[in-house]
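See structure below.
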Amino acid sequence: MDSNVNHASAVTVNQQLFKQGAEARLFTGSFFGRKTIVKERFSKKYRHPELDERLTKERMRAELKGLMRCKNIGIWTPAVYFVGSKSNTVHMELLENVDTVNIYIGKLLMGCVDGSCDVQCTNKLKQLAEEVGITVGKMHLAGIIHGDLTTSNILIDTTNVENESTKPKLALIDFGLSHVDNSAEDKGVDLYVLERALTSTFSNIPWFFDIVLTSYRGTYTSGGEEVFKKLEEIRLRGRKRTMIG
Ligand SMILES: Nc1ncnc2c1ncn2[C@@H]1O[C@H](COP(=O)(O)OP(=O)(O)OP(=O)(O)O)[C@@H](O)[C@H]1O
Ligand SMILES: [Mg+2]
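With UniProt numbering applied, the sequence shown corresponds to residues 1 to 245, in that order.
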């Protein structure tokens, strides 16, 4: 893979694939001794080449802006080290000792008998739900729409996770569809995507998303209520679509 760099030893990309997404391939690598994730957006052959190039660049730009904007308001995101504009790559900090929230909830629930949580598991889930609500609330308060707010795009630091008194530390990633918009509609869609991601995988903890919403509302006091109204509308539209098929 062409990483678009002359001093090859300073910026490296391992050939072995780390993850394959719908629009991007992820590799590990290094940037002046720091471990990196290299996200390469590849072209979609079924798209017109010009449109494809435009969309790829737009998504890369959105990714960079989203990462920076969130970092600026104190949300944990990977630092961006280098951008390969010819190879459509973003070389970013590798966040170590993290799980996606999806995997993490699954692990917690696996330790529970009969799908019902014990006290410790419930407490951890409650803390996590609160922190998810705070993080998304902060982001929306700043007018940032994530655009793909699934549980795979929220990472949790697993280093100190055993300690009950430390709050879960969350990072947001995958900003390729992000933008800035202060309308309640797009924020409602973000919440709806998150709700669907949670309820489709973890139907046995329906209270989790309620806690997310309560802490979201507590963080985004100026606009949360309006977003909830939109969320309700979007849910209804979703249900109608499912009924029509
Ligand atoms: N900086 C990072 N540090 C650690 N892990 C990461 C990092 N970036 C991505 N990952 C891991 O790789 C997975 C995929 O990354 P990402 O969500 O950015 O790509 P994607 O979903 O394939 O992209 P897209 O939705 O743009 O096609 C994440 O769910 C996460 O597990
Ligand atoms: Mg993703």
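Idealized CB from N, CA, C, for every residue including glycine.
In this text, all values refer to a predicted model and were calculated from it rather than measured experimentally.
For D118, the shortest C-beta to heavy atom distance toward ligand 2 is 7 Å or greater. It is roughly 32 Å from the alpha-carbon of E23 to the alpha-carbon of K229. At a cut-off of 7 Å, the beta-carbon of P78 counts as near ligand 1: some heavy atom of the ligand is closer than that.
Within the DSSP secondary-structure output, I205 pairs in no beta bridge. Ligand 2 approaches N153 closely enough that one of its heavy atoms is under 7 Å from the residue's Cβ. In terms of side-chain proximity, the C-beta atom of D186 is found no nearer than 7 Å to any non-hydrogen atom of ligand 2. For L198, the closest C-alpha among the options Q20, L149 and L231 is that of L149. With respect to the C-alpha of N102, the residue from K35, I73 and L125 having the closest C-alpha is L125. In the three-state reduction of the DSSP assignment, F82 falls in the strand class.
For the 8 Å CB-CB criterion, P168 and Q120 do not form a contact.
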